[in-house]
Amino acid sequence: MNSISREILSTSAQLESGLNAIALPGRKKSPTLDLLERSPSAVAGLTLLSGLAACGGGGSGSAAVSSTPTPPPGISPASVADAGRFLAQATLGYTRADLTALQQMKYSDWIDAQFATPRTQSHWDWLIANGYGNANNINNSVGLDNTIWRKLIGSNDPLRQRMVLALSELCVVSVLGINAQWRQFSVANYLDILETNAFGNYRTLLQQISLSPAMGYYLTFRGSVKANPNTGSEPDENYARELMQLFTIGLIKLNTDGSLQSDANGAAVETYTQSDVSGLARVFTGWNLDLSGLVSPYPPDYQQRPMVSVAANYESGSKSFLGATIPAGTSAINSITMALDAIFAHPNLPTFVGKQLIQRLVTSNPSSGYIARVSNVFADNGAGVRGDLRAVIKAILLDFEARDPATATNPAYGKLREPVVRFLNWARAFDAKSPSGVWGVGDLSDTATRLGHSPMRSGSVFNFFRPGYVPPSTALSAQGLTGPEFQITNESSVAGYVNYMQRVIVGAGAGDLAADYSSLLALAASSAKLLAEINEVLAASQLSSSTLSNIQTAMDTIPASTTNGALNRIYAALTLVMASPEYIAQK
Amino acid sequence: MNYFPKIEPDNASRREFLKRTAVLSAAAGATPWAVSLAAMGEAAAATATDYKALVCVFLYGGNDYANTLVPYDQPSYNLQQTFRANLAIDRTALAPLVLNPTTSLPDGRQYALAPGLDPLLPIFNAGKMSILLNVGTLIQPTTKAQYTAGSVPLPPKLFSHNDQQSFWQSSSPEGASSGWGGRLGDLFAAGNGNATFTCISVSGNAVYLSGKTAVQYQVATSGSVPVNGIQSPLFGSLACSNLLQSLMTAPNSNLFANEYARVGSRSIAANAQVSSALSGVTITTAFPTSNSLADQLKMVARLIGARNALGPKRQVFFVSVSGFDTHDGLLAVHPGLMATVGNAMSAFYQATIELGVSNQVTAFTASDFGRTLVSNNDGSDHGWGNMHFVVGDSVKGRSFIGTPPVIANGGPDDVGQGRLLPALSVDQFGATIASWFGVSAGDLSTVLPNIGHYSQTNLGFL
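If you want it as structure tokens, here you go:
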């Protein structure tokens, strides 16, 4: 048996334990999700097992042309639709070539290849190389959006970039909240840290972000001073609180399957109290910029250096929180390490972080079994390592709930594609480039005229949208389901998005960003072929036949006999597909 | 002050419901539950022949109460400085901003508005603004002893931004499905002509404006956003334009796609009406520029100006401004925030005079929570009770509502570091507003489910 089969089998075994664990107390259950948990999941599990038992002999009924037996779902794509669905989850957009390549591979081999893909030029190095360290930029954020779009659109490591965007929406830093010089460099370094650790360990990520000037500024503990009995001042509590609430353990004790723990009276059990926050805040005192060897006016260099401890401001007394005590006299750096170790060991962390990564990549309301399977891998990668993000990524993307086509037909399955992800889907599908190399796409935050969403520009540390956001007065809320991305969806944003994409598609509104439509132009004479191509490379083949038929009919009103006509037909088709809720909801 | 005797809310609302149901049943025979609710909304709205609007000005991040409403009498000023000397506002800068209420506060206590709130001083002095002292999220009246003993239920997840924002707006932590602005909307939507324009946000999505049935409608500071590809042929094709509209609005079996299309439907349907209604409204009142709150409030004023074209008799608006989470650099940041609020709310008040609706529009501030009195050296941390403003010609102004909290760290009115234990609840605050809006005493618990826990359901400022 090869390692992939073992992996699938162990996933299936976990599935059974996950199913057994469903009936835990305290979880608000949705009837639809119950259905997802009870029936399709069980069916899918059986499909997986029987597929393996048949040793590749099972057919999925799809249009695979290979003469070799069709592999079972979950190991490699059985159809172009399967491949597109996987790439919609695992990347920020993909080309026809990406689709074709994946169809020759096992999913896990594709992921391993991504793990092995070298990183492209770092954000920091690109800013320096392109002159953004010029003194004129000391008090602005010029260059930041440029390097963000450069990577998210153009970097040939799509899984890593997908993870960087996801992590940037979990461990949130926003350039809007960094009142510092060289803030483009501060955030660039933060993004480089996310990228460095996207395929690493979550514990290392926590250490590095906790010492980053960007976080020190954003959550204001840079310069936090130990309590002063004379003035009555106390340490800044900001990072201590948000580190626990948002980046690691959350507010409520969780079971492994994501359900909430409750006490004898049915009340949710909170993970920490104000005194834990105050105790942990003592750890994050004394930290400040490392300016050693630099002279004023300071160059950006310090924004890349881990912060250093200023002994006079550091609280060297004991610090107690979450049941742990760091003894008096512990050094500042050892205190941070011990504090993060304690938080990292909290039983909530694998579930709290794992579920949010599922929500970013695959579905807003993963079943309890899916959450538990990912959480278990987060807690232990099989080799005793906690927080191994490579194992977590595989657990998320190779789970049958992500892979089995049957799950996508459940009405409660899937998620809204984030506005930025839709834009990136288009850009990556058609190989959009900035001919000048400037990548002047800019800030896309304006809701009425752009996307209402722009990376590293969240309005607060609570991200653009909350993982627990329930859109009110909807069928989702009626079933107790979350829809995080609905928090930035409203009457202005739905119109602003379509207007912006209509401009971007023709090469306006995003600097000199321009797509390569040569592959589409070759198909434009046939509206059916053109639309099929767009459906496969942009919409993961998830448009319904009636939608396809309607779009094709409308496209046919634009003659493609001239190049201009062909382009207009392409533009109209892209606009219609991208405006369609069937595309916007990733299933 | 008005005073309502203590009632049993469940019984009272049940009685009210039965009474109405009887009336409705007599009129319409056996009525399905959902229809009854709608009809009840209409019954309540039938009394609303005049126009009234509420404007919630949400200060995201948790406003620092101690540098917003600053103790001014010398003993109080001195006492406050012992807890935040490094956050002090110079007393001479406060002198022109001292508030002189109609009835003086006890014990010689005096407050001054923070510099930047200057434009609100003449409104207060003219009797068109009142200030609530130490109001915040509670489930029931809570004493310090009860807090310490843990003997009464408290709002969950105190001091957490998102949850206390949500609790302020909805009486539930994050994940709440309706807020008290939206529940007000539920009662009046049926009498509003086009119910879409009952609850309007010029900010982002806020649970405050969602009701059991009422849905928030969102506009940009520029107004409603048209879909350009529908307004004119899409790449030259009218068929593509028509399809664009139908794609954006078509029902779908997937819940996410379906809800997205519902938003699209509202967007497209409302745009024609809103853009047409707004085109007939001109406001000459000067609003400050480079002030996002003023931009939002100006749009609220324009929508109020368009009320006859849009149809509603009762409207709830939501606007917001961020940046109040002043853990750091409070002295550098907070004065600018105060100026933003002061300038924007003053201009909005003037605009309601221009529109002739200053008696019919009430604006109020809200925020996640107050902050600590005790400095963290450079700012303040998450707290609880807070000071808030109510502005409009219906306000029984020039007064403080409530009692000045004792300035202390661990005193009788705070739970440590000067985090105020609220003496007035958001429920009482909201119920007072709801009563002015026209909600009957029996319906208050529909809007504010915990109001029955309070003997005083009207704080008397309206």
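As they're listed, the protein sequences go chains Y and H.
Quick note, the first sequence lines up with residues 771 to 1357 if you use our numbering.
Quick note, the second sequence lines up with residues 12 to 473 if you use our numbering.
A virtual CB, placed ideally from N, CA and C, is assigned to each residue, including glycine.
Only a predicted model underlies this, so the values are computations on that prediction, with no experimental measurement involved.
Under the DSSP definition of a beta bridge, Y/His1116 lacks any partner.
Judged by DSSP in its simplified three-state form, Y/Pro928 adopts helix. Boundaries for H/Arg120: no beta strand (DSSP E) harbours it, and the DSSP string shows neither H nor E there. The residue from Y/Ala1343, Y/Ser1247, Y/His1223 and Y/Leu1300 with its alpha-carbon nearest to that of Y/Ser938 is Y/His1223. Using a 10 angstroms sphere on the CB of H/Gln242, the tally of other CB atoms stays under 16, which defines it as exposed.
Taken atom to atom, the span from the alpha-carbon of H/Ser252 to that of Y/Gly1277 is near 20 Å. Here the segment 431 to 439 of chain H does not lie against the segment 167 to 177 of chain H, with fewer than 3 beta-carbon pairs under 8 Å apart.
Straight through space, the alpha carbons of H/Thr443 and H/Ser386 are spaced by roughly 33 Å. In the DSSP assignment, Y/Gln977 falls within the unbroken alpha helix (DSSP H) covering Tyr972 to Ser980. Listed in chain order, the beta strand (DSSP E) elements of length 3 or more contained wholly in the segment 350 to 437 of chain H are 372 to 378, 397 to 402 and 410 to 412. Under a criterion of Cβ atoms nearer than 8 Å, the residues of chain H adjacent to Y/Ile1328 are, in order, Phe246, Gly247, Ser248 and Cys251. Y/Thr1323 carries a helical assignment under DSSP once its states are collapsed to helix, strand and coil. Rounded to whole angstroms, the separation of the alpha carbons of Y/Trp880 and Y/Gly863 is 15 Å. The beta carbon of H/Arg102 lies closer than 7 Å to those of Tyr88 in the same chain, with the five residues before and after it left out.
Annotated three-state conformation of Y/Arg1156 is coil, per DSSP. Contacts between H/Arg277 and chain Y, judged by CB atoms closer than 7 Å, involve Glu1261 in chain order.
Sequence-ordered contacts of the segment 181 to 211 of chain H with chain Y read Glu185, Gly186, Ser188 and Ser189 [C-beta pairs closer than 7 Å]. Beta-bridge partners assigned by DSSP to H/Ala231: H/Gly234. Sequence-ordered contacts of the segment 314 to 344 of chain H with chain Y read Ser333, His338, Asp339 and Gly340 [C-beta pairs closer than 7 Å]. Neighbourhood of Y/Lys1185 in chain H, by CB distance below 7 Å: Phe267, in chain order.
Residue environment for Y/Asn1305: buried (at least 16 other C-beta atoms within 10 angstroms of its C-beta). Contact note: H/Gln121 does not reach chain Y at a C-beta cutoff of 9 Å; the least C-beta distance is about 23 Å. Within the DSSP bridge table, the entry for H/Arg325 names H/Lys63 as partners. Residues of chain Y with a Cβ closer than 9 Å to the Cβ of H/Asn136 do not exist, since the nearest Cβ in that chain sits about 34 Å away. Measuring C-alpha to C-alpha distances from H/Val285 to each of H/Ile315, H/Leu254 and H/Leu266 identifies H/Ile315 as the nearest.
Secondary structure at Y/Gln951: coil, using DSSP grouped into helix, strand and coil. Counted as a single uninterrupted DSSP element, the stretch harbouring Y/Ala1285 is not any alpha helix (DSSP H), since DSSP gives it neither H nor E. In this chain, the beta strand (DSSP E) harbouring H/Leu144 covers Met140 to Gly147. The Cβ-Cβ distance between H/Met356 and H/Thr79 does not fall below 9 Å.
Here the segment 1131 to 1138 of chain Y does not lie against the segment 948 to 966 of chain Y, with fewer than 3 beta-carbon pairs under 8 Å apart. Using a CB distance cut-off of 9 Å, Y/Pro1242 counts as an interface residue toward chain H. With the criterion set as a beta carbon lying under 8 Å from some beta carbon of chain Y, the members of the segment 213 to 229 of chain H are Gly215, Asn216, Val218, Ser221, Gly222, Lys223, Thr224, Ala225, Val226, Gln227, Tyr228 and Gln229, in sequence order. C-alpha of Y/Tyr988 to C-alpha of Y/Leu1059: approximately 13 Å in a straight line. With fewer than 16 other beta carbons inside 10 angstroms of its own, H/Pro107 counts as exposed. Taking the Cα of H/Ala280 as reference, the smallest distance to any Cα among H/Pro237, H/Asp339, H/Ser221 and H/Gln361 is reached at H/Pro237.
For H/Cys251, the enclosing alpha helix (DSSP H) stretches over residues Leu249 to Thr260.
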